[in-house]
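Visitor: Per my numbering, residue 6 is the first one in the sequence shown, and the count goes up by one each step. Glycine residues also receive a C-beta, built at the ideal position from the N, C-alpha and C atoms.
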Amino acid sequence: MPRDPYEVLGVGKKASAEEIKQAYRKLARQLHPDRNPGEKQAETKFKEVQAAYEILGDKEKKGQYDQFGFAGPWQGSGAGGGGNPFSGNFGNINMEDLSRAFGQMGGGGGVDFDSMFQRGKRHSRRQPAPEDLQIEVEIPLEMAAAGGKLSVEIQGKALQVSIPAGLREGGKIRLQGQGRNGGDLYLVSRILPHPYFSREENNLVLEVPITISEALLGTKVDVPSLGGGRLGVKIPAGVSSGTRLRLRGKGIEGGDLLVQIKISVPASPGEAGIKLAEEFSRAFPQDPRSGLPWKFS
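Shown next, in the form of structure tokens:
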């Protein structure tokens with residue numbers, strides 16, 4: 006006796022047509038022979054799923070199954086998938102007996118159940134397996150950080166896609182049922198470069214230039230936030246190029262903003278600037294390379 010098609014698809018008898026379709030697509034995608042080459046068990050289960058959906062995916066056939074159950078003309082529609090799902094025995098009465106019985110009830114010449122159901126079988130075709138697709142989409146850093154709605158056009162259809170906050174490079178967004186033959190579509194994120202922010206995990210890095218005198222004396226500067234606000238940063242005296250000052254919680258999803266110092270040296274300091282530099286060199290003699298590991302003979 007074939008398995009209950011509801012059991013095969015893993016749905017209840019009160020499941021909607023859409024729930025039945027989704028269950029079928031999921032199982033067909035998992036068990037399709039193209040995904041399981043040479044696996045006889047998967048092939049058998051795939052045919053069983055196909056046979057179950059032939060019944061439950063058709064409103065008329067589903068109604069007949071719900072009325073007659075396994076005592077009805079469903080014998081033989083199980084894992085084989087190639088026979089007439091409405092042929093076989095009706096309890097201890099075969100299709101011929103059933104046809105004659107109905108004919109006697111109606112006073113006519115009988116009903117050819119086997120031919121009637123076989124015609125429906127000839128018109129049914131094997132459902133193509135659902136196929137997942139993926140495409141790359143460009144997302145601004147601001148939207149990847151804060152989330153939002155992104156307009157995309159997929160196969161000529163405009164969609165509004167919800168972008169989750171904290172999305173990273175290569176992150177995937179699943180659009181259920183938007184792939185081929187009812188499969189899923191995955192949007193793979195490519196985060197667009199920002200004019201002045203760069204990203205390290207959930208931290209943001211912002212390079213800030215300062216003058217030599219600001220590096221020596223210390224100062225306070227204003228820097229932008231990714232969301233468009235303004236933040237104050239205190240630069241300590243004696244800071245070096247490459248130093249990173251951390252503003253906690255000002256990055257992405259609880260990350261930090263790292264302000265990276267870049268000391269700007271004038272290309273043409275002029276005579277006065279040269280004299281000041283010479284005086285400074287004499288006042289503060291140092292060899293910053295003395296502790297480096299390389300040696301020259």
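(1) Beta-carbon within less than 6 angstroms of residue 235's beta-carbon, same chain only, minus the 5 sequence neighbours each way: which residues are those?
(2) Which residue spans inside the segment 220-288 form an unbroken alpha helix (DSSP H) run of at least 4?
(3) Three or more C-beta pairs closer than 8 angstroms, one from the segment 36-47 and one from the segment 180-199: is that the case here?
(4) Hey, out of 240, 207, 232 and 233, whose CA is closest to residue 223's CA?
(5) Give me the residue from 194, 44, 254 and 268 with the minimum Cα distance to residue 155.
(6) Rounded to the nearest angstrom, what separates residue 138 and residue 184 at their Cα positions?
(7) On the three-state DSSP scale, how would you describe residue 156?
(8) How many angstroms separate the CA atom of residue 54 from the CA atom of residue 19?
(9) Please list, in chain order, all residues of the same chain as residue 220 whose beta carbon is under 6 angstroms from its beta carbon, the five residues on each side excluded.
(10) Our contact map puts residue 207 next to residue 263 with C-beta atoms below 8 angstroms; I'd like the distance itself, whole angstroms only.
(11) Indicate the three-state DSSP secondary structure (helix, strand or coil) for residue 202 in the structure shown.
(12) I think residue 60 touches residue 10, with their Cβ atoms under 8 angstroms apart; what is that distance to the nearest whole Å?
(13) If you draw a straight line from the C-alpha of residue 290 to the C-alpha of residue 273, how long is it?
(14) What span of residues does the beta strand (DSSP E) with residue 210 cover, start to end?
(15) What residue range does the beta strand (DSSP E) around residue 177 cover?
(16) Using beta-carbon positions only, say whether residue 215 and residue 144 come within less than 8 angstroms of one another.
(17) Hey, could you find the ends of the beta strand (DSSP E) residue 163 is sitting in?
(18) Could you tell me whether the Cβ atoms of residue 150 and residue 211 are closer together than 8 angstroms?
Guide: Let's see:
(1) Closer than 6 angstroms at the Cβ level, and outside the excluded window around residue 235, lie 227.
(2) Fully contained in the segment 220-288 are the following alpha helix (DSSP H) runs of length 4 or more, in chain order: 275-288.
(3) No, they do not touch.
(4) Nearest C-alpha to residue 223: 240.
(5) Of 194, 44, 254 and 268, the smallest CA-CA separation from residue 155 is found for 194.
(6) Cα to Cα, the separation comes out at about 5 angstroms.
(7) It is a strand residue.
(8) Roughly 18 angstroms between the two C-alpha positions.
(9) For residue 220, where only same-chain residues beyond five positions count, the Cβ hits under 6 angstroms are 244 and 268.
(10) The Cβ separation is near 11 angstroms, so there is no contact.
(11) In the structure shown, residue 202 sits in a strand (DSSP, three-state: E or B).
(12) Contact between residue 60 and residue 10 is confirmed by a C-beta separation of about 5 angstroms, below the 8 angstroms threshold.
(13) Between residue 290 and residue 273, the C-alpha separation is close to 23 angstroms.
(14) Segment 208-216, the beta strand (DSSP E) holding residue 210.
(15) In the DSSP annotation of this structure, the continuous segment of the beta strand (DSSP E) that includes residue 177 starts and ends at 177-180.
(16) Contact flag unset, no.
(17) From DSSP, the beta strand (DSSP E) with residue 163 extends over 162-168.
(18) No, they are not a contact pair.
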